[in-house]
Amino acid sequence: MTTITREWLQKTIAEFENTRDDIPFGLDDDDAKILKVLKQVLAYPETLPCPVHLVPGLRLGKGCKTETLLIALQRRAEYCAGLEAMTPEERAEHDASIAALKAMLPQPESPVAMLCAALERMLKMHELVMDKTNTGASFYDAECIREMNMAPIQARQALMFAERHK
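If you read the sequence shown in the working numbering, its first letter stands for residue 68, the second for the next number, and so on.
Structure, rendered in structure tokens:
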């Protein structure tokens with residue numbers, strides 16, 4: 068069996084077009100349809116022109132082979148069909164095994180906790196800078212002075228807000 072490549076398609080289309088041009092009445096209906104389909108297949112991109120995000124969890128970037136997307140969609144359809152075909156007991160067992168697998172994976176720290184730690188560190192850094200720097204002699208820029216004063220106030224407010232809403 069011949070592997071269909073872009074080069075083969077281009078060659079076959081050229082042959083059909085040459086035949087069409089050589090015949091006074093053009094191609095018959097079947098050959099015209101074949102030529103149209105070959106041109107459509109040739110227009111089909113080998114790689115994705117943009118990123119594709121299919122919810123849930125299927126993300127393919129720009130330049131990914133289109134065939135990869137189609138294979139992923141087929142596998143997802145087969146997986147979903149398999150889930151739908153399960154009995155309630157099989158589905159419960161499947162869900163339990165997924166939950167057990169998730170429990171084995173390390174859980175990331177919450178974003179709020181990470182932000183609070185970053186703000187606390189920034190406040191500590193600010194206090195050290197203010198203690199060790201002669202701000203009256205070192206900072207002449209009004210915008211810099213304003214930011215030096217407002218940033219820790221805003222950080223403290225954010226920390227207090229986060230603590231109240233935990």
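Every residue gets a Cβ at the ideal spot worked out from N, C-alpha and C, and that includes glycine.
Taken in chain order, the complete alpha helix (DSSP H) segments of 4 residues or longer contained in the stretch 135 to 180 are 155 to 171. In the three-state reduction of the DSSP assignment, I220 falls in the helix class, which pools H, G and I.
Between the stretch 224 to 233 and the stretch 191 to 198, the count of Cβ pairs shorter than 8 angstroms is below three; the stretches do not touch. In the structure shown, L182 falls within a helical segment according to DSSP collapsed to helix, strand and coil.
A Cβ-Cβ separation of about 7 angstroms places R158 in contact with L150 under the 8 angstroms criterion. If you draw a straight line from the Cα of L140 to the Cα of D97, it comes to about 32 angstroms. A Cβ-Cβ distance of about 7 angstroms is found for the pair L94 and L102, placing them in contact under the 8 angstroms criterion.
Counted as a single uninterrupted DSSP element, the alpha helix (DSSP H) harbouring I80 occupies residues R73 to D89.
Rounded to the nearest angstrom, the gap between the Cα atoms of P173 and A166 is 13 angstroms. Sequence-distant partners of A225 (beyond 5 residues in either direction) whose C-beta falls short of 7 angstroms from its own C-beta, in its chain, are L186. CA-CA distance, A222 to S177, rounds to 18 angstroms. Contact between L136 and L105 does not hold, since the beta-carbon distance rounds to 22 angstroms and is not under 8 angstroms.
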